[in-house]
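Read in order, the letters of the sequence shown correspond to residues 324 to 1026 in the working numbering. Reading through the structure tokens given below for one structure.
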Amino acid sequence: MPTWSSVVVATPAHSGLGPTLSYRSELSLAPGTLVRVPLGAREVLGVAWDGPDGPPPGMDASQGKPVLGALEGLTPLNAAWRQLVTFAARYYQRSLGEVALAALPPQLRELDAAQLARRLKRQAKAAAAHPAPTGTPVAVLPPSPEQEAVLQALPAATEPVLLFGATGSGKTEVYLRMTEDALASDPAAQVLVMVPEINLTPQLEARFRERFAAQYGDGAVVSMHSGMTPAQRLGSWLAAHSGAARIVLGTRMAIFASLPGLRLIVVDEEHDPSYKSQDGARYSARDLAVYRAKVESEALAARGQRCQVILGSATPSLESWHAADQGRYKRLEMPARIGGGSLPKLRLVDMNHQPKGASIAPPLLAAMEERIARGEQCLVLLNRRGYAPVLSCDACAWKSQCPNCSAFRVFHKLDRTLRCHHCGFTSRVPRACPDCGNLDIAPVGRGTEQIEEQLAGLLSSVKRPDGQPAKVARMDADTTRLKGSLEQQLAALHSGEVDVLVGTQMVAKGHDFRRITLVASINADAALFASDYRAPERLFALLMQAAGRAGRDAAQAGASEMWVQTWHPDHALFASLRKHDFPGFAAAQLADREAAGMPPFGFQALLRADARTQEAAQAFLNAAAEAAAALPHREEVTLYPAVPLTIQRVANVERAQLLVEAASRAALQRFLAAWQPLLLDGRSIPGARGLIRFAVDIDPVSI
Ligand code: ADP
Ligand code: ZN
Ligand code: ZN
């Protein structure tokens, strides 16, 4: 007798279809079963869902479309996973199907039954071919006293743990030991470790492999991030889903991995904005990690087990810091660096007293020369790729404006291109001004390419202890585009081939550089006065992170320095930075936020609109606000007028946003839930002509 199954498929919320669709099936399908179903004229991947089993109202068994088949060889996605997806869809105001299907590897959608069967067979064969685990754990160093104290306290913590540990305090070692305990607790146990950047996964994978491969086999550690090929992603996903992978390392997308044995989630550098997705469902992988651990723990409680979550950072997000202040999170601290080395000393260069136009102030240059001569390395940070952010004509008003965006195209000298970093539009650098023919078009401002070039010139006569001339290199998104190039460049740095590394914030994060004793941030000021209220928090975190790259070798730590070139040396942020006083900085920021009702004391969402014209984008937003007037819970939120984004046009699309504020998370959610049907039903909002798309961003990380 045929039964009915609820199935979620990838339909956007505005499709008018319900959260789940009903299909006929011969056998009743367990929730979580992956199935193929017809949708219109197509055959699509779906997930059988919890829901009413009966036929939809007004339909009998002769009507309705049949499930075409279940994906064989795959166990159903478990209840905790489904609950995570359900929560994420509701909280971030997306459709269930959109979130559920986006959480699965893309290749799963494309394989037919035979291909999948072949794939699973290959996977099993590859797993069998891995060298058998020898069973011997590798020798590890005894934990430091601080690590010991944290490891003692961790098992007793029932709340999410905020591991507040200085850079180099050995947080990764704590993660490794907690992983070891979790894996030993249950033969099916799995651990998820997240990092903010793809770049950080290779070194993390190496460390976890080194520690666990002997005991659990080579296939026990897998990575998951968007830099992998579709086939690799499917491979990791299948390994995690089947339980063959015991440790999954990944970027934010990994939060949705199917992990039937999940016992521990680690979110390293939890403050990093990369954990917030900027398209599709704009989820925060950190926040979902906390939620997921709770749900998994509830499911495990009956067996006397749980899933713990550890958020680690030297500069926690103010949200997490505040949660720890309130006792919702358990704060554990490791203030000291391994080996007892001190954190680098802050040296502020007052740019008001430096020669005009010098991008590297003379005292900083002198300090770098000294370091190089001693065989030490320097790291120079500048958050701007390319040679110069603008190319400009001296004779007329021409600038290298992007024709598609309200932004300038960046001058890249090495390949002589003008490139828009927003839409990608690229052209050759013109020989003469396109407007007036003047041959004198000049770069304005500085990017990493230019600093690399200048430093190579300025340091050309400086010798290293081995008599070789100083070598300057650069590392940014441009130099690391090719596969393997990042590893090569890191290796060159580690081997001591490179004396000075110029790079963007990408090099400031996470890497363990032993011989760097001087870090310099040469243009940090923009963030001091940015309109985004989170800018100081970001800058402080970045500078602390960057400083953390210096003096990691305890023997040299005492003499290590963090240089910051600034026009505003008296800014309060630097006073906290000088003392490496994150708690002081956080307390001051939180006091400001509380006075202004900003997060984490207030709760925000953005309604964002893309349209052909700025007027249309704003008209839609303002009309949406007006349409909300009669909604329940309207009085619980404040709706601000629509405003253009800082970069208001990208790829010929005009962008605007409208801020929604509420005093509580629940109030914000109540209002958004009431608002969503209005937004989705285009007819209820006049002025939607010319609108391309809109999206709601809950808990936005940039305003
Ligand atoms: P963090 O993640 O807090 O920045 P790491 O975990 O990378 O710090 O540790 C910094 C350095 O200290 C690493 O080189 C690591 O191998 C080393 N280290 C960590 N714990 C110990 C320990 N207990 N004994 C000796 N060295 C350690
Ligand atoms: Zn001109
Ligand atoms: Zn552009």
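In this text, a Cβ means the ideal position worked out from N, Cα and C, and glycines have one as well.
What separation, rounded to the nearest whole angstrom, lies between the Cα atoms of residue i and residue j?
| i | j | result |
| --- | --- | --- |
| Leu-841 | Arg-694 | 8 angstroms |
| Lys-653 | Leu-900 | 25 angstroms |
| Trp-644 | Val-613 | 14 angstroms |
| Leu-587 | Ser-565 | 17 angstroms |
| Asp-595 | Arg-347 | 45 angstroms |
| Ile-578 | Lys-722 | 43 angstroms |
| Met-867 | His-903 | 8 angstroms |
| Leu-344 | Cys-630 | 32 angstroms |
| Glu-938 | Asn-945 | 10 angstroms |
| Leu-368 | Met-551 | 22 angstroms |
| Gln-677 | Leu-688 | 12 angstroms |
| Gln-724 | Leu-982 | 29 angstroms |
| Phe-994 | Pro-478 | 39 angstroms |
| Arg-708 | Asp-801 | 7 angstroms |
| Thr-459 | Pro-583 | 26 angstroms |
| Ala-489 | Leu-954 | 48 angstroms |
| Val-545 | Thr-457 | 19 angstroms |
At a cut-off of 7 angstroms, is residue i close to ligand 1 when judged by its beta-carbon and the heavy atoms of the ligand?
| i | result |
| --- | --- |
| Gln-812 | no |
| Pro-519 | no |
| Pro-466 | yes |
| Lys-494 | yes |
| Thr-490 | yes |
| Gln-470 | yes |
| Ile-633 | no |
| Asp-648 | no |
| Asp-602 | no |
Report yes if the C-beta of residue i is less than 7 angstroms from at least one heavy atom of ligand 3; otherwise report no.
| i | result |
| --- | --- |
| Ala-411 | no |
| His-735 | no |
| Phe-748 | yes |
| Cys-630 | no |
Between which two residues does the alpha helix (DSSP H) carrying residue i extend?
| i | result |
| --- | --- |
| Met-517 | Unbroken run through Met-517 is the beta strand (DSSP E), 513-517; no alpha helix (DSSP H). |
| Phe-897 | 895-901 |
| Leu-865 | 858-870 |
| Tyr-346 | Note, Tyr-346: premise wrong, no alpha helix (DSSP H); beta strand (DSSP E) at 344-348. |
| Thr-502 | 494-508 |
| Trp-644 | 641-648 |
| Gly-680 | Gly-680 -> no alpha helix (DSSP H), and no H or E assigned at all. |
| Ser-620 | 608-623 |
Taking Cβ positions, are residue i and residue j nearer each other than 8 angstroms?
| i | j | result |
| --- | --- | --- |
| Glu-593 | Ser-640 | yes |
| Val-422 | Ala-371 | no |
| Val-571 | Met-547 | yes |
| Leu-340 | Glu-366 | no |
| Ala-511 | Ala-543 | no |
| Pro-429 | Pro-553 | yes |
| Val-497 | Thr-574 | no |
| Pro-375 | Glu-349 | no |
| Val-461 | Ala-537 | yes |
| Val-960 | Glu-984 | yes |
| Arg-935 | Ile-1015 | yes |
| Tyr-710 | Gly-663 | no |
| Ala-847 | Val-785 | no |
| Gln-416 | Ile-1021 | yes |
| Val-795 | Glu-775 | yes |
| Leu-778 | Val-672 | no |
| Pro-859 | Gln-927 | no |
Let's see if you can read the secondary structure: which residues bound the beta strand (DSSP E) around residue i?
| i | result |
| --- | --- |
| Trp-886 | 884-889 |
| His-735 | 733-735 |
| Asp-1020 | 1014-1021 |
| Arg-957 | Per DSSP, Arg-957 belongs to no beta strand (DSSP E) and is neither H nor E. |
| Gln-700 | 700-704 |
| Ile-1044 | This structure cannot speak to residue 1044, because the chain is shown only from 324 to 1026. |
| Ser-328 | 326-331 |
| Leu-655 | 653-657 |
| Ser-636 | 631-636 |
| Trp-372 | 365-372 |
Could you tell me if the beta carbon of residue i falls within a distance shorter than 7 angstroms of some heavy atom in ligand 2?
| i | result |
| --- | --- |
| Cys-716 | yes |
| Trp-721 | yes |
| Asp-758 | yes |
Closest Cβ-Cβ distance between residue i and chain B: below 8 angstroms?
| i | result |
| --- | --- |
| Thr-398 | Of the protein chains in the structure, only one exists, and it is not chain B. |
(message) Taking 8 angstroms as the cut-off, does the stretch 819-833 touch the stretch 732-740 (at least 3 CB pairs, one atom from each stretch)?
(response) no
(message) With a threshold of 8 angstroms, are at least 3 pairs of Cβ atoms found where one atom belongs to the stretch 963-972 and the other to the stretch 994-1008?
(response) no
(request) Please confirm if the stretch 491-510 is in contact with the stretch 599-615, defined as three or more CB-CB distances below 8 angstroms between the two stretches. (result) no
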